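Everything below concerns the one structure shown next.
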Amino acid sequence: MTLDSSFKVATMEGRKNLKAKNSLFSSQIDFVKGVVSLDGFPPDDRPEVCFAGRSNVGKSSLLNAITKRKSLARTSNTPGRTQQINYFSVSNKLYIVDLPGYGYAKAPLHEVKKWQKLVFSYMSGRRNLKRIFLLIDIRHGIKSNDIEIMNLLDEAAVNYQIIFTKCDKIKGQTLENLVMDYAKSLDSQIAVYPEVIISSAQQKEGIEIIRSEIEKFC
Ligand SMILES: Nc1nc2c(ncn2[C@@H]2O[C@H](COP(=O)(O)OP(=O)(O)OP(=O)(O)O)[C@@H](O)[C@H]2O)c(=O)[nH]1
Ligand SMILES: [Mg+2]
């Protein structure tokens, strides 16, 4: 897919050698802890990546697909399922972090403010955080709170990569058009990684690409 902007859609091309190495995710993967305060983080002694995005975009589902586990991270139809910063250790080499979603209007305001502060301190200040995967539900597109987070990350000079999720819900040309439109609207963001990923946790699309992106950091 060619995008009419400075973005590319990530493909497996050029990653074939990495495909064979996808074994990292066949190794031991454990839940480490759920962090609820700034003093609760594990030591920053290894690379880590995280999954961020609005509630219900499919962060936990994607983490399960990537780690080849059905229910390592808890998923739900109800937005707001993940309420802690959940740490998973991959083969003792890397942390994968599942963040609570933002934009969940039904949570009490003080709760929302508390975790937003925690999550943003984490995203902007975690020394070993190699990449933030910022998930966007392809059906809903980029919302004002996504842009707010991207602007904050731009200011903090923290690298983030966009993953469009639930692409099984949209077919063919419509999918291409949507990705093209959304990519154009990312042109003004500064710290965004210039490749977007199209994914479906359900159909296992884009999963190997995400794995190979993560493996770069090991
Ligand atoms: N069709 C489809 N549905 C998906 C996909 N990924 C996730 N879902 C569904 O979307 C809903 C939310 O998924 P979660 O993985 O819990 O979303 P989340 O972003 O972790 O949500 P919070 O923890 O509440 O922020 C669930 O009903 C999933 O089954 C996908 O690739 N395709
Ligand atoms: Mg979740």
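With positions in the sequence shown counted from 1, the corresponding number in this note's numbering is that position plus 542.
Cβ coordinates follow ideal geometry from the N, Cα and C atoms, glycine included.
These numbers come from a predicted model, not from an experiment.
So which of the options has the shortest CA-CA distance to residue i?
i: N598; options: V591, G683, S663; result: G683
i: I704; options: I712, A725, S686, L717; result: A725
i: V734; options: A698, A743, L720; result: A698
i: E690; options: I608, S730, K746, S568; result: S730
i: N628; options: V551, I571, N619; result: I571
i: M692; options: R596, E747, V632, V721; result: R596
i: S568; options: D688, F706, V700, K610; result: K610
i: E747; options: K575, G576, M554, K758; result: M554
i: E737; options: V551, G576, L545; result: V551
i: F549; options: F662, K659, F759, V721; result: V721
i: K758; options: G576, P589, S547, L545; result: P589
i: Y646; options: I638, Q658, V639; result: Q658
Taking just the CA atoms, how far does residue j sit from residue i?
i: A615; j: M543; result: 31 Å
i: I740; j: I680; result: 9 Å
i: D587; j: E653; result: 29 Å
i: G600; j: Q626; result: 15 Å
i: K685; j: L566; result: 34 Å
i: R673; j: C709; result: 22 Å
i: I712; j: S742; result: 10 Å
i: N634; j: K656; result: 30 Å
i: P650; j: Y644; result: 12 Å
i: K648; j: T620; result: 11 Å
i: Q745; j: T707; result: 11 Å
i: N687; j: P642; result: 14 Å
i: L545; j: E755; result: 20 Å
i: D723; j: G714; result: 15 Å
i: T617; j: I638; result: 16 Å
i: G667; j: V632; result: 22 Å
i: S613; j: D696; result: 33 Å
i: D640; j: V700; result: 17 Å
What does the Cβ neighbour count give for residue i, buried or exposed, with the cut at 16 atoms within 10 Å?
i: V591; result: buried
i: L728; result: buried
i: M665; result: buried
i: I678; result: buried
i: N606; result: buried
i: R669; result: exposed
i: T716; result: exposed
i: F593; result: buried
i: V574; result: exposed
i: P585; result: exposed
i: I732; result: exposed
Since residue i and residue j are thought to touch, with beta carbons under 8 Å apart, how far apart are those beta carbons, to the nearest angstrom?
i: L671; j: Y702; result: Contact doesn't hold; Cβ gap of about 10 Å is too wide.
i: S603; j: T624; result: The Cβ separation is near 11 Å, so there is no contact.
i: L694; j: F662; result: 6 Å
Would you check whether ligand 3 has a heavy atom nearer than 8 Å to the C-beta of residue i?
i: G643; result: Judged by which ligands are present, ligand 3 is missing from the structure shown, whose ligands are ligand 1 and ligand 2.
Indicate whether the contact test is met: 3 or more Cβ pairs, each with one atom in the segment 738-751 and one in the segment 569-587, closer than 8 Å. The segment 738-751, when compared against the segment 569-587, does not touch it at the 8 Å Cβ threshold.
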